[in-house]
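Note that numbering that gives the first Met the number 0 has the sequence shown beginning at 0, numbered continuously upward.
Ideal placement from N, C-alpha and C gives every residue a C-beta, glycine not left out.
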Amino acid sequence: MINQNWVFSTNCGLDFSTDPPTPFVSKMSPRSEGCASISDDNGNLLFYTDGVKIWNNEGQIDGEDLKGNLSSTQSALIVPVPGNSNEYYVFTSDGSTSEEPVSNRFDGIRINVKTWVRTPMRDYILEPDWSIIDSGRFSPVEKLIAVQHENCKDFWVINMVQLTGGNGALVGAGFFRIFLVSSEGIRHIRDIEMGEKIHDIGYMKASPNGQWLAMANGDLSSILIYPFNKATGSVTLPGLIKITLDESNIYGLEFSPNSDVLYFANLVRREVWNEKSKDGRLYQVDFTNSTDPKLIKSFPDADKGGHYIIGALQLGPDGVIYIAKDGEKSLAAIINPDIVWETLVKEVYVSLPEKCGLGLPNLIANLCEDDCDCNCIQLDSIKFHIKNRKSY
0 MINQNWVFST
10 NCGLDFSTDP
20 PTPFVSKMSP
30 RSEGCASISD
40 DNGNLLFYTD
50 GVKIWNNEGQ
60 IDGEDLKGNL
70 SSTQSALIVP
80 VPGNSNEYYV
90 FTSDGSTSEE
100 PVSNRFDGIR
110 INVKTWVRTP
120 MRDYILEPDW
130 SIIDSGRFSP
140 VEKLIAVQHE
150 NCKDFWVINM
160 VQLTGGNGAL
170 VGAGFFRIFL
180 VSSEGIRHIR
190 DIEMGEKIHD
200 IGYMKASPNG
210 QWLAMANGDL
220 SSILIYPFNK
230 ATGSVTLPGL
240 IKITLDESNI
250 YGLEFSPNSD
260 VLYFANLVRR
270 EVWNEKSKDG
280 RLYQVDFTNS
290 TDPKLIKSFP
300 DADKGGHYII
310 GALQLGPDGV
320 IYIAKDGEKS
330 LAAIINPDIV
340 WETLVKEVYV
350 SLPEKCGLGL
360 PNLIANLCED
370 DCDCNCIQLD
380 SIKFHIKNRK
390 SY
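What follows is the structure in structure tokens.
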């Protein structure tokens with residue numbers, strides 16, 4: 000049940016052993032955007048991170064030397080070490096490419112949750128001639144995910160980089176950078192040129208069936224969806240589905256549990272009203288049949304103290320998609336997100352102990368149902384929750 004407990008800023012947590020989940024207080028930094036948390040196979044919280052610090056299950060800080068960034072969209076990712084139930088990789092991704100010289104980093108550690116011994120992740124890189132730190136003109140952006148391998152033991156870790164030309168721009172030619180995480184270590188498999196320019200900011204997500212990768216393309220006003228082969232770690236470039244719309248700052252996005260419907264939202268800044276309206280807007284598209292998105296919910300500016308209106312979208316183990324509302328003490332939710340065009344969105348679904356930030360935990364979406372050689376939540380639990388969900 001590795002996704003049972005979520006921890007995110009500011010000092011917020013959710014325990015999914017109940018339906019709806021039960022809020023709790025965490026020690027997560029109030030300034031954190033990207034974050035990740037993980038639990039054991041019994042649903043007990045193990046640790047959580049914002050990409051800079053790690054907190055153990057008692058809320059104590061275990062070091063502050065990670066090389067993520069508090070303002071990175073997906074600053075951190077936790078991946079179980081295949082074949083070792085006590086150890087985890089913590090991958091980190093630095094902030095956007097906005098400074099000279101280009102200094103963004105893709106890094107991490109390996110941590111043992113029994114001894115809390117930490118070792119540099121570079122010790123487990125299987126190609127010593129490839130540096131996980133120095134990416135030269137190929138700067139890592141704020142997008143970092145994991146997809147479980149078809150063998151239900153290994154993982155694909157996917158980072159996205161852009162060809163910056165050393166100019167510190169937020170936009171550049173995009174590349175998928177794909178790694179295989181196995182019991183042997185971490186192997187850099189390939190870089191794949193996307194054939195599209197990408198923007199640093201915004202989420203990348205994998206579908207629950209592991210067959211699609213989608214990314215929010217920030218100020219480029221587009222969503223890019225690529226077929227993914229979880230057996231080979233390859234991306235099918237000719238299969239690109241590109242969704243464009245008259246909208247800026249596309250940030251949060253998430254797949255429905257059946258992997259056929261995609262949701263995404265804009266990032267409206269309260270202090271700078273250069274967008275077409277003051278509302279945060281949530282869109283839905285059945286991308287298997289159409290590239291025409293539909294606006295399904297507007298979130299009016301509530302002036303609750305945050306810099307933005309809505310942020311991350313994240314599918315929970317209960318089959319509900321949760322929506323972060325910056326500066327507010329509650330999460331919104333998309334109920335039964337598999338339903339097209341008639342999806343119910345509740346603006347207040349679960350209350351929080353403190354005000355939410357932009358981010359929600361970066362999770363592995365497609366964990367195997369059976370014969371899994373790691374601590375895994377069963378996809379059957381999502382099916383159970385959806386089948387037995389109350390009507391609203």
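Give every residue of the same chain whose Cβ lies closer than 7 Å to the Cβ of residue i, excluding the five residues on either side of it in the sequence, and list them in chain order.
i, result
"T243", "S220 and S221"
"N257", "D337"
"K26", "N10, W54 and G58"
"G194", "L236"
With which residues is residue i paired in a DSSP beta bridge?
i, result
"R186", "L179"
"R109", "Y88 and T118"
"Q283", "Y262 and K293"
"K345", "A332"
"W155", "V146 and L179"
"Q210", "Note: Q210 sits in no beta bridge, so no partner."
"V160", "P139 and F174"
"N228", "S233"
"S54", "Note that residue 54 is Trp in the sequence shown, not Ser. Note: W54 sits in a beta bridge opposite Y47 and I60."
"T243", "S221"
"F298", "G279"
"L13", "W5 and P22"
"V78", "Y88"
"Y321", "Q313 and A332"
"E195", "Note: E195 sits in no beta bridge, so no partner."
Using the C-alpha atoms, what's the distance from residue j back to residue i?
i, j, result
"P81", "P299", "45 Å"
"E57", "T290", "46 Å"
"W54", "N216", "31 Å"
"P29", "V180", "31 Å"
"T287", "S182", "35 Å"
"Y47", "C34", "8 Å"
"L266", "N2", "26 Å"
"R189", "F227", "14 Å"
"E346", "D122", "46 Å"
"N4", "S92", "22 Å"
"N43", "N68", "27 Å"
"L65", "V89", "9 Å"
"A230", "N365", "13 Å"
"D199", "L223", "14 Å"
"K152", "I37", "17 Å"
"L13", "F7", "9 Å"
"M0", "L362", "12 Å"
"K382", "L343", "At K382 the pLDDT is 45, less than 50, meaning the model places this residue with poor confidence; the figure from the coordinates comes in the next sentence. Distance between the alpha carbons of K382 and L343 is about 18 Å."
"G232", "W155", "7 Å"
"G171", "F23", "40 Å"
"V234", "K142", "16 Å"
Please state the DSSP three-state secondary structure of residue i.
i, result
"G358", "coil"
"P237", "helix"
"N4", "strand"
"Y440", "Residue 440 lies beyond the residue range present for the chain, which begins at 0 and ends at 391; the question has no answer from this structure."
Near residue i, which residues of its chain fall below 6 Å by C-beta distance, leaving aside the five closest residues on each side in sequence?
i, result
"G251", "Y202, A264, G310, A311 and L312"
"I144", "I157, M203 and A205"
"R117", "I108 and I110"
"E32", "S70, L357 and G358"
Looking only at its chain, what residues have a beta carbon closer than 8 Å to the beta carbon of residue i, apart from the 5 residues adjacent to it on each side?
i, result
"D278", "V267, S297, F298, P299, D300 and I308"
Within 6 Å: the Cβ of residue i and any heavy atom of the ligand SAH?
i, result
"L125", "The ligand SAH is absent from the structure shown, which contains no ligand whatsoever."
Report yes or no: do the region 54-74 and the region 148-155 share at least 3 C-beta pairs separated by less than 8 Å? no
Using 8 Å as the threshold, is the region 349-356 in touch with the region 242-261, meaning 3 or more CB pairs across them? no
Taking three-plus beta-carbon pairs below 8 Å as touching, is the region 12-25 in contact with the region 311-326? Below 8 Å, enough C-beta pairs join the region 12-25 and the region 311-326 to call them touching: three or more.
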